[in-house]
Amino acid sequence: MMKLQGGLLQWSHSSLIPSINLTIRSTNFSISACVVEQNHQLTAKERRQLRNERRESKSGYSWREEVEERLIKKPKKRYATWTEELNLDTLAESGPQWWVVRVSRLRGQETAQILARALARQFPAMEFTVYAPAVQVKRKLKNGTLSIKPKPVFPGCIFIRCILNKEVHDSIREVDGVGGFIGSKVGNTKRQINKPRPVDDSDLEAIFKQAKEAQEKADSEFEEVQKAEEEASLASQKLLASNTDVIETVVETKPKRAPRKASIATETKDPKVKKKKLAAGSTVRVVSGTFAEFVGNLKKLNRKTAKATVGFTLFGKETLVEIDINELIPEIQS
Numbered sequence: 001m002m003k004l005q006g007g008l009l010q011w012s013h014s015s016l017i018p019s020i021n022l023t024i025r026s027t028n029f030s031i032s033a034c035v036v037e038q039n040h041q042l043t044a045k046e047r048r049q050l051r052n053e054r055r056e057s058k059s060g061y062s063w064r065e066e067v068e069e070r071l072i073k074k075p076k077k078r079y080a081t082w083t084e085e086l087n088l089d090t091l092a093e094s095g096p097q098w099w100v101v102r103v104s105r106l107r108g109q110e111t112a113q114i115l116a117r118a119l120a121r122q123f124p125a126m127e128f129t130v131y132a133p134a135v136q137v138k139r140k141l142k143n144g145t146l147s148i149k150p151k152p153v154f155p156g157c158i159f160i161r162c163i164l165n166k167e168v169h170d171s172i173r174e175v176d177g178v179g180g181f182i183g184s185k186v187g188n189t190k191r192q193i194n195k196p197r198p199v200d201d202s203d204l205e206a207i208f209k210q211a212k213e214a215q216e217k218a219d220s221e222f223e224e225v226q227k228a229e230e231e232a233s234l235a236s237q238k239l240l241a242s243n244t245d246v247i248e249t250v251v252e253t254k255p256k257r258a259p260r261k262a263s264i265a266t267e268t269k270d271p272k273v274k275k276k277k278l279a280a281g282s283t284v285r286v287v288s289g290t291f292a293e294f295v296g297n298l299k300k301l302n303r304k305t306a307k308a309t310v311g312f313t314l315f316g317k318e319t320l321v322e323i324d325i326n327e328l329i330p331e332i333q334s
């Protein structure tokens, strides 16, 4: 008789007929138990083969293709050892490329000029380009002169195109105002360095385009400001001209006042006045000056100095005053 005990099939010499049903019911358990025991006894290679067979049994699935795709996507190691990766001379293998250098935000243009002169002096045979994207901002001063100042598009960064190796890298780092290259950390726990990372040509084209658009925008704004100022000046000139016309019309309509000298001349043209001349002891009238319209007695007349001494009665007392002869006329008594 067959019995299931402890996950194992046991056989007894009892009659087979009454145990047929029991055998049929326990067949599934016995097979799975045998498979479990067999898996424990398989080697690693045999288990891999079974796993691969199960994968291949699935419709539309190929585990080999999946593994190959993973291997293709996995990036290959560029350098054999970490010490080789730290060698900056390997950067020259890719030829001339664009690199980004960190500088001061306020002295970017000045640092770019210093860097260009230093590279030209230390490496006269090397071809390089130093580019500090900036917008030339124009502004008109009060005295009429034009001021042009550069405004950096990327403050704190300048771009240099050259063949970079350790010697060139170290010389650029030693330039006054340079803070280093923009890159990534490489190495291990023993040693790490900041290795420069090149800029793609497509990114540089976008930078050139952005700088060009910013320059065009600044130029158009300056032209608009100049145009507005010219229109304002023309409007002010027209307004001033109209105001002067109004003033002239008002002056023309206002009656003119005869000057004092002219009135004096007309008064002296009186024929009665001509007949009577100034003489000591005569009565005279002052026509201008401090004592205008005062009447007094001519005491003394000095024609050389053109001065006359006239006595006026003020507050009951006679006061002598020296007056210019031209300010006196004889008083005509009616």
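Numbering (full-length UniProt numbering), first residue to last: 1 to 334. Even glycine gets a Cβ: it sits at the ideal position worked out from N, Cα and C. Predicted model only: the values in this text are computed from it and were never measured.
Note that the segment 151 to 158 does not touch the segment 183 to 191; fewer than 3 beta-carbon pairs, one per stretch, sit closer than 8 Å. Within the segment 120 to 172, the beta strand (DSSP E) runs of at least 3 residues that lie entirely inside it are, in chain order, 129 to 131, 134 to 140, 146 to 152 and 157 to 162. With contacts defined by Cβ atoms closer than 8 Å, Asn-302 and Thr-283 do not form a contacting pair. Between Pro-96 and Arg-161 the beta-carbon gap is near 6 Å, inside 8 Å, which marks them as a contact. Under the rule that a run must span 3 or more residues, the beta strand (DSSP E) segments found entirely inside the segment 285 to 323 read 295 to 302 and 307 to 314. Ile-72: member of the alpha helix (DSSP H) spanning 63 to 73, first to last residue.
For Ala-280, the closest C-alpha among the options Thr-313, Ile-329, Ala-132 and Glu-224 is that of Ile-329. Per DSSP, reduced to three states, the secondary structure at Arg-55 is helical. For Thr-319, the closest alpha carbon among the candidates Lys-307, Val-295 and Ile-332 is that of Val-295.
Judged by beta-carbon spacing, Trp-98 lies within the 8 Å limit of Val-199, meaning their Cβ atoms are closer than that value. In the DSSP assignment, Asn-326 falls outside any beta strand (DSSP E) and carries neither an H nor an E. In this structure Ile-332 is exposed. Its beta-carbon is surrounded by fewer than 16 other beta-carbon atoms within 10 angstroms.
The C-beta distance from Ile-114 to Val-168 rounds to 16 Å, too long to fall under 8 Å, and the pair is not in contact. Residues Ala-134, Val-135 and Val-137 of the same chain have their beta carbon placed closer than 7 Å to that of Lys-151, with the five preceding and five following residues left out of the count. Judged by DSSP in its simplified three-state form, Thr-83 adopts helix. For Arg-102, the enclosing beta strand (DSSP E) covers residues 97 to 103.
Here DSSP, grouped into helix, strand and coil, assigns Lys-190 to coil.
Going by C-alpha positions, Ile-72 is about 47 Å away from Leu-106. Here Gly-179 carries a strand assignment [DSSP, helix/strand/coil]. By alpha-carbon distance to Ala-214, the top candidate from Thr-290, Val-153, Ala-241 and Gly-108 is Val-153.
Sorting Ala-112, Leu-88 and Arg-285 by C-alpha distance to the C-alpha of Gly-179 places Ala-112 at the top.
Here DSSP, grouped into helix, strand and coil, assigns Ser-184 to strand. Proximity to Asn-326 across Gly-289, Lys-58 and Ala-228 peaks at Gly-289, based on C-alpha coordinates.
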